[in-house]
């Protein structure tokens, strides 16, 4: 019910503006057609009520309804019914009648598609029937210049207003869609790319390296003894460590680098256009800085990182093999004592690259 209410209130607010403008301009159109017919006073009163008061009453009705969305649809059918009623009252004067029917149809199809357009047309036919009962059936085949000019504001301004409202709605929906897409690609705890989104970027980087014959490196980063941190200091402390590492990655990486949370306590980084030696230097600097971090809630807590690096090689058949090389380097970093950077390279022994840093 809450979702329907929010949707209905949003619809009611959008239609309040268009209904207010449309019925005020429609009042000019109908008044110009009715004036030569010399209608009784109650008809003028009904026109004023419909053109000036009904938009505000309709909005309040929808706003106070238990399901505003349904109430607003009823309001639109009332609009259509009254439009048909005034067509009969105007004795089917061609231009004012066609303008009234087309503006109502435009509104209904914009709100509810062809199905609601059909419902609106049925309400208009009912309104015409009631109008024929109230007023003597007649047909005026000519439209006077005054009536033509009275219809022009409605013909020109109302479609513009409706188009602007539809544009704003489409723009807002586009923003929401982009926000949802960003959320679906982002790890909620760290704000980095999640596993799937980072793997997509890895595939893009791999194809770019293959196509342009450029160098790149990827790093897999593991927080040493993370389970022990959770068991000793609690999961809140563990979350703080994860956020600290993500913060340090954001602060120390280049704009072109792509960091993500691979899962659990593992992070991943794509380092495009960077030789393996320079990538190792960058990761070693990151490891050293992170090891010096202090935690106010747990002063005794010190955390280290194990990092595995792999450069892109033309021999890699796909991005998975490239990632496996980095994973193998990470495994060796953990197996050889943790708190270190190990590079997987076909050109130099792993330890030689590490020592050169």
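Residue numbers (the numbering used here): 218 to 574.
Positions of the beta carbon are idealized from the N, C-alpha and C atoms, including for glycine.
As assigned by DSSP and simplified to three states, the class of residue i
i: residue 450; result: helix
i: residue 284; result: coil
i: residue 355; result: coil
i: residue 469; result: helix
i: residue 387; result: helix
i: residue 561; result: strand
i: residue 515; result: coil
i: residue 316; result: helix
i: residue 362; result: helix
i: residue 309; result: coil
i: residue 376; result: helix
i: residue 537; result: helix
i: residue 556; result: coil
i: residue 255; result: coil
i: residue 370; result: helix
i: residue 492; result: coil
i: residue 270; result: helix
i: residue 481; result: coil
i: residue 510; result: coil
i: residue 321; result: helix
Counterpart residues of residue i in DSSP-defined beta bridges
i: residue 486; result: 436, 476
i: residue 523; result: 439
i: residue 403; result: 410
i: residue 328; result: Answer by DSSP bridge pairing: none, since residue 328 is not bridged.
i: residue 528; result: 434
With 16 other Cβ atoms within 10 Å as the buried cut-off, status of residue i
i: residue 424; result: exposed
i: residue 572; result: Its pLDDT being 48, under 50, residue 572 is placed unreliably in this model, and the coordinates cannot settle the point.
i: residue 449; result: exposed
i: residue 429; result: exposed
i: residue 391; result: exposed
i: residue 547; result: buried
i: residue 468; result: exposed
i: residue 305; result: buried
i: residue 561; result: buried
i: residue 364; result: buried
i: residue 239; result: buried
i: residue 307; result: buried
i: residue 474; result: buried
i: residue 455; result: buried
i: residue 400; result: exposed
i: residue 373; result: exposed
i: residue 389; result: exposed
i: residue 504; result: buried
i: residue 187; result: The structure shown does not extend to residue 187, since the chain spans only 218 to 574, so no value can be given for it.
beta-carbon residue i near the ligand NAP non-hydrogen atom, thresh 6 Å
i: residue 508; result: The ligand NAP is not part of the structure shown, which contains no ligands of any sort.
Specify whether the region 249-257 and the region 350-368 touch according to this definition: at least 3 beta carbon pairs, one from each stretch, less than 8 Å apart.
Contact between the region 249-257 and the region 350-368 is present: three or more C-beta pairs spanning the two stretches fall below 8 Å.
Does the region 266-285 come close enough to the region 312-325 that 3 or more CB-CB pairs lie under 8 Å?
Short answer: they don't touch.
Three or more beta-carbon pairs under 8 Å between the region 510-521 and the region 405-425, yes or no?
They do not touch, by the three-pair rule.
Three or more C-beta pairs below 8 Å linking the region 375-389 and the region 333-348:
Flag = no, the region 375-389 and the region 333-348 do not touch.
Do the region 476-486 and the region 404-413 make contact, defined as three or more Cβ pairs closer than 8 Å?
Contact between the region 476-486 and the region 404-413 is present: 3 or more CB-CB pairs across the two stretches fall below 8 Å.
Any 3 or more C-beta pairs closer than 8 Å across the region 341-348 and the region 289-302
These segments touch.
Quick test of the definition: if touching needs 3 or more C-beta pairs under 8 Å, does the region 428-448 touch the region 519-537?
Segments in contact, yes.
Would you call the region 231-248 and the region 288-296 touching, i.e. three or more CB-CB distances under 8 Å?
They touch, by the three-pair rule.
Between the region 482-500 and the region 438-448, are three or more C-beta pairs nearer than 8 Å?
In short, these stretches touch, since the Cβ pair count reaches three.
Taking contact to mean 3 or more Cβ pairs, one atom from each stretch, closer than 8 Å, check whether the region 457-472 and the region 484-499 are in contact.
These segments touch.
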